[in-house]
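For reference, the structure discussed in these notes is given below.
There are 2 protein chains.
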Amino acid sequence: MARHKVSIVDIAKKAGVSITTVSRVLNGKAEQYRISKKSQNKIRETARKLNYIPNQFAAGLKSGKSNTIALIIPSLSNPFFAEIASEINAEVRNRGYITIIGDSDEDRQIENEELLQMRSRNIEGLLIAPTGQNGSILKQLNDQGLPVVCIDRYFEELDIPYVSTDNYQGAVMATQHLLEYGHKRIACIQGKQDSVPNKRRIEGFKDAMKEAGIEPFSITGNDFSEQNGYKETKLILHKRQRPTAIFALSTTIALGCIKAMREENVAIPDDISLITFDDHPFLDYLATPLTCISQPTRDICRMAIKHLFFKLENKEIGEKQVLLKPELKYRKSVRNLL
Amino acid sequence: MARHKVSIVDIAKKAGVSITTVSRVLNGKAEQYRISKKSQNKIRETARKLNYIPNQFAAGLKSGKSNTIALIIPSLSNPFFAEIASEINAEVRNRGYITIIGDSDEDRQIENEELLQMRSRNIEGLLIAPTGQNGSILKQLNDQGLPVVCIDRYFEELDIPYVSTDNYQGAVMATQHLLEYGHKRIACIQGKQDSVPNKRRIEGFKDAMKEAGIEPFSITGNDFSEQNGYKETKLILHKRQRPTAIFALSTTIALGCIKAMREENVAIPDDISLITFDDHPFLDYLATPLTCISQPTRDICRMAIKHLFFKLENKEIGEKQVLLKPELKYRKSVRNLL
DNA sequence: AAAATTAGAACAAACGTTTGCGCTAAATAT
DNA sequence: ATATTTAGCGCAAACGTTTGTTCTAATTTT
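As given, the protein sequences belong to chains C and D, one line each in that order. Heads up, the first sequence is in numbering that gives the first Met the number 0, so the first residue is 0 and it goes up one at a time. Heads up, the second sequence is in numbering that gives the first Met the number 0, so the first residue is 0 and it goes up one at a time.
Quick look at the structure:
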């Protein structure tokens, strides 16, 4: 067993050519540099025989290229982001690049470290659903020529491209649906407060309520997690007056709501209605199929990728900041009070 | 804006020391090489000022280290594997390494390419839930000194460490539960046929049935996907005689079952009972809470990581191939026929 | 006062590629 | 027969680090 890692030098020696020639053949530049078929075959064959594995470190160091895109998301354990990761991964691979995924765990510090890690790995592009606090770093990266595209989360005040859902619109749709069905006491349980999607959803909720001339029952919570949904729902249910509907800002939160309501013997939608942001394959098969605002996740990913590669290839880009329309999926969790 | 990427050479010049010294300070080897506090401070400060980002390509090339662990799974869109990815990612990060994730999409060819990619990125360890056809390659890697640990899926005939669930036992538990409740016509819908977990589950199912002296109603399917579960359930429901229970070998499959049964107006568990492998937060809140065999995913990940790092650090390892006990979670989807 | 030790740091050779440029021999044009 | 082009390939200098070895001046020991 050869203990020594084989390099193109070994191939060159064995094939009786220069390392230059080996490099060119193995990089598909044989035609360009008119290497004879004979040499090509010889080289490719010895490479195979020797079990050659190119060393990206060396190649990357010299060429400055890495063929790598970074994806940083707040939480791989959130199905919404898991789906994004899956999509992005596939798309990127299709274009001959590979993805390295970072999970920031919603933590500014971790996100920052991931960012450093990624940069030191010479990534050529960055897709990120930012936690929200490292905006200036991202802006700087983008300005320095690293193509950055934000996904889902973004910065309104910074000139960084993004692709997301029209969260405001989505929240308005959800709220209006509730209002149309006669709900007046509507509690909203939110996720990460300083994330843009959350802010816009809250705005949409508030505006829709205001337009109807109704005060929100409550707006609480601070995390896109089941625990948060559970805790806030418990608190809500223990108030002297209960809402007639709850608007959860993610399926993870909604899951917590359902859990709390079941514990407290609150029926959905008979006692309290529930509507959520984000869709999920299971929602249709819950005890009460959950009405939701569905985000066009696939399209978001595709557009973001398209955007990114346009920048990588220096093509002209149209709209830099795009918001895609969400969709209201009517299921059974909202009761008509009229 | 400095167009030129700053290197330790720049720092050395500006700080008035050699690049050796810079390298040593920035790598935390200052004490070891007794660099004065003064130089240390100077170096660290100029590094910060110049916005220095280490170049992993260069460092890796020279040192041969990458601080990188690869994780290859069959499908990021399967919640079971998404959870694994999330766990692994966190654990690896805690140990100062970073994870690069590959999604093989259950495809032997893609898996192979991912493997090559990973190797050319000089990974120091590999965690993989293999598709099943690249065993010899993995064996070879492992023999060549790259620590490899299989997760969930593994190879029985090869001497590669693995951590998984006792799938046989799990299937036996599920089947016996069904049998104890008086079910005799039991259909099993399986996932990827040549994956070890699937094989062992099928074995467990068959053995438990045989022990009860009952023939399986049917064993069909070939993919851990919703589509597969849906299709096979549809087929089953159109047979002249229906089973009294279905054993789905994953939640994704179960989801397809539920969909098909709903379409055909089959009530769970009144008309047909359903039990599944794998747990999921939503299972408790489905129209019929789904009884399942829950895998100790967290423990699997932890043990796999522990194993991997033991090998990395050349520590002595105890058991190389471990199967963890699954757990039967009683919910409401199995009807007692007695 | 000479010898030995120690603190603090620098030299320079790798690591495995990529790539601009240059070279030779053969083929073709003049 | 000479000049030009072309086919086919190699030289050697990077890329930005890490690291074994060496060096000098200062300090301590004898």
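For glycine and all other residues, C-beta sits at the position ideal for the given N, C-alpha and C.
Discussion item. Measuring only the C-alpha atoms, how far is D:I83 from D:S272?
Written reply: 29 Å
Worksheet item: So what does DSSP say about C:A266, is it helix, strand or coil?
Response: coil
Worksheet item: If you draw a straight line from the alpha carbon of D:N197 to that of D:G169, how long is it in whole angstroms?
Response: 11 Å
Practice prompt. Check C:A186 in the structure and name its three-state DSSP category.
Written response: strand
Discussion item. As a quick exercise: from C:E202, C:E210 and C:R92, pick the residue whose alpha carbon is nearest that of D:Q116.
Written reply: C:R92
Fill in: Contact set for D:T251: own chain, Cβ-Cβ below 7 Å, skip 5 residues either direction
N77, F223, S224, E225 and G228
Item to complete: Establish whether the CB of D:Y51 and some CB of chain C are separated by less than 7 Å.
Response: no
Item to complete: Anything in the region 264-282 of chain D with a Cβ closer than 9 Å to a Cβ of chain C? List those residues in chain order, please.
Response: H279, P280, F281 and L282
Worksheet item: Exposed or buried, D:L126, counting other C-beta atoms within 10 Å across all chains shown (16 or more means buried)?
Response: buried
Worksheet item: CB-CB under 8 Å to D:T219, same chain, minus the five flanking residues each way: which ones, in chain order?
Response: A186, C187, I188, Q189, E231, L234 and I235
Worksheet item: Looking only at its own chain, which residues have a Cβ that is under 6 Å from the Cβ of C:E326, when we skip the five neighbours before and after it?
Response: S293
Worksheet item: Can you give the Cα-Cα distance for C:M0 and C:K13, rounded to whole angstroms?
Response: Residue confidence for C:M0 is low, a pLDDT of 45 falling below 50, so the modelled location carries little weight and cannot support an answer.
Worksheet item: I think C:E380 touches C:T130, with their Cβ atoms under 8 Å apart; what is that distance to the nearest whole Å?
Response: With chain C represented from 0 up to 337, any question about residue 380 of chain C goes unanswered, as that position is not in the structure.
Item to complete: Could you tell me whether the Cβ of C:L75 comes closer than 7 Å to any Cβ of chain D?
Response: yes
Discussion item. Is there a Cβ of chain D sitting closer than 7 Å to that of C:Q31, yes or no?
Written reply: no
Worksheet item: What is the DSSP secondary structure of D:M0, counted as helix, strand or coil?
Response: Confidence is the limiting factor: at D:M0 the pLDDT is only 44, short of 50, which leaves the residue's position unreliable, though a coordinate-based value still follows. Three-state DSSP puts D:M0 in coil, outside helix and strand.
Worksheet item: Would you call the CB atoms of C:L254 and D:P280 closer than 7 Å?
Response: yes
Discussion item. Rounded to the nearest angstrom, what separates C:I201 and C:Y167 at their Cα positions?
Written reply: 8 Å
Discussion item. My parser needs the beta strand (DSSP E) runs of 3 or more residues fully inside the region 81-150 of chain C; what are they?
Written reply: 97-102, 124-127 and 147-150
Item to complete: Using a Cβ-Cβ cut-off of 7 Å, state whether C:S103 counts as contacting chain D.
Response: no
Discussion item. Which residues does DSSP list as the beta-bridge partners of C:E30?
Written reply: Beta-bridge pairing links C:E30 to no other residue.
Worksheet item: Can C:I10 and C:T67 be called in contact, C-beta distance under 7 Å?
Response: no
Discussion item. Rounding to the nearest angstrom, what Cα-Cα distance links C:H237 and C:L178 in this structure?
Written reply: 23 Å
Item to complete: Express the C-alpha separation of C:R118 and C:L75 in angstroms, rounding to a whole number.
Response: 21 Å
Item to complete: Taking C-beta pairs closer than 7 Å, name the residues in chain D that C:Y180 reaches, listed in chain order.
Response: By Cβ distance, chain D contributes nothing, its closest Cβ being about 22 Å from C:Y180, past 7 Å.
Practice prompt. Would you give the residue range spanned by the beta strand (DSSP E) that C:I68 belongs to?
Written response: T67 to I72
Discussion item. Counting beta carbon pairs with one atom in the region 155-164 of chain D and one in the region 309-329 of chain D, are three or more of them shorter than 8 Å?
Written reply: yes
Worksheet item: For C:V321, does the three-state DSSP call read helix, strand or coil?
Response: strand
Worksheet item: Using the C-alpha atoms, what's the distance from D:R107 back to D:I299?
Response: 24 Å
Worksheet item: Where do the N-terminal and C-terminal ends of the alpha helix (DSSP H) with D:V8 fall, by residue?
Response: I7 to A14
Worksheet item: Got a sec: is the Cβ-Cβ distance from C:S85 to anything in chain D below 7 Å?
Response: yes
Worksheet item: For D:A81 and chain C, any beta-carbon pair shorter than 7 Å?
Response: yes
Worksheet item: What does C:Y329 reach in chain D if we use C-beta pairs closer than 9 Å?
Response: None at all; the shortest Cβ gap to chain D is about 17 Å.
Discussion item. Please classify C:Q132 as buried or exposed, where buried requires at least 16 neighbouring CB atoms within 10 angstroms.
Written reply: exposed
Worksheet entry | Continuous beta strand (DSSP E) assignments of at least 3 residues falling wholly in the region 146-220 of chain D | 147-150, 161-164, 185-188 and 217-219
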